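Comments concern the structure below.
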Amino acid sequence: MAEGDGNGWADCGQGHRHWGRHGAAGLLACAPGHDGQTSVLLILRADWTQHAGTWGPPGGARDSHESAAAAALREAAEECAVPPGAARIHGLLDDDHGGWSYQTLVAGADRPFGVRAASREAPRVAWVPVDQVGSLPLHPGFAVTWPVIREAVEPVTIIVDAANVMGSRADGWWRDRAGAAARLQHELAGLAARGIIQLPAGVRAGPLDRWFPQYILVLEGQARAAMPELADADGVRVVAAPGSGDDTIAELAATTRGSRVVVTADRELRRRAAAAGASVTGPRWLLDRL
Ligand SMILES: [Zn+2]
């Protein structure tokens, strides 16, 4: 195990020769532009590299000890100065060639962030609107995955009706609502880190291999006493409803960018969430994954 031990060529089961002895990974950062259309961050490969003159996400060889996400973020920082924390990973596509794979980490940002060509390998860097990507000369690997990734550039947010989900399991929540809320938040943080392989039915998004939705846990009433204890974990935001939890959830369902899923069995809230353009699923879907 050593830094850079992934640098080298590998032959895949499809008869190609790829850079990256342990596979490779790239970061596809996505952000809404002024006109609301999503743009993606691409680099132009220098004319002395393999697939010279083609565009694709920043990325490169994985070291033996590195996760795909760590490799993608490292390469994005090296090639176009993507700042730490600038984009949140929300999905993974694994393009497995047999014996070698390229993993694309799809990541969202609230707006395009500043980047620059920081490596000799990538003389140009640009935010490209999604409907213009197809007219660029694309890296052959990216050309294959782009039609799938294009359907997954929007983030997915799962809004959890904490009172309803907590009420769906008999774990003593009625004796200590704040403690039950803290347990649920802890479990959601684990789920946020693991990701899920399938989104709830009805969510319109491309078929990635893994999704890392953002979770919003909405607390109301006595459960709000858990708030001081609950720091926002990576991937889980906790919101204390000032009044009715349903009102806060309906507002989040209406105003959150990208695809929204409300988790509740409450019929009236399900109707309000659907009217706000969100998908709806029951507590069982979430509890089965915790
Ligand atoms: Zn291959």
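Taken in order, the sequence shown gives residues 45 to 334; the numbers are from this note's numbering.
Don't be surprised by glycine CBs; every beta carbon is placed ideally from N, CA and C.
Just so it is clear, the structure is predicted and the values come from calculations on it, not from any experiment.
Gln94 places its beta carbon less than 8 Å from that of Trp63. Our two residues, Gly279 and Glu110, have alpha carbons roughly 21 Å apart in a direct line. Around Arg314, the same chain offers Val306, Thr308, Val324 as residues with beta carbons nearer than 8 Å, after the five sequence neighbours per side are excluded.
Inclusion of Leu88 and Ala166 in the CB contact set at 8 Å is warranted, their separation being smaller than that value. Here His66 has Gly50, Arg106, Ser108 as same chain residues with Cβ atoms under 6 Å from its own Cβ, once five neighbours each way along the sequence are excluded. In the same chain as Gly103, and ignoring 5 residues on each side of it, the C-beta atoms closer than 7 Å to its own belong to Ala68, Ala69, Gly70, Leu71, Ala116, Glu119, in chain order. DSSP, read as helix, strand or coil, puts Arg89 in coil. In this structure, Val126 lies away from Val174, with their beta-carbon atoms at least 8 Å apart. Summarising the contact set, residues whose Cβ lies nearer than 7 Å to any heavy atom of ligand 1 are, in chain order, Cys56, Gln58, His60, His62, His141, Trp144. For Val188, same chain residues with a beta-carbon under 8 Å away, outside a window of 5 residues either side, are Asp139 in chain order. Note on geometry: alpha-carbon atoms of Gln242 and Thr98 lie some 32 Å from one another.
The beta-bridge partner set that DSSP reports for Thr325 consists of Val307.
It is roughly 10 Å from the alpha-carbon of Thr300 to the alpha-carbon of Ile293.
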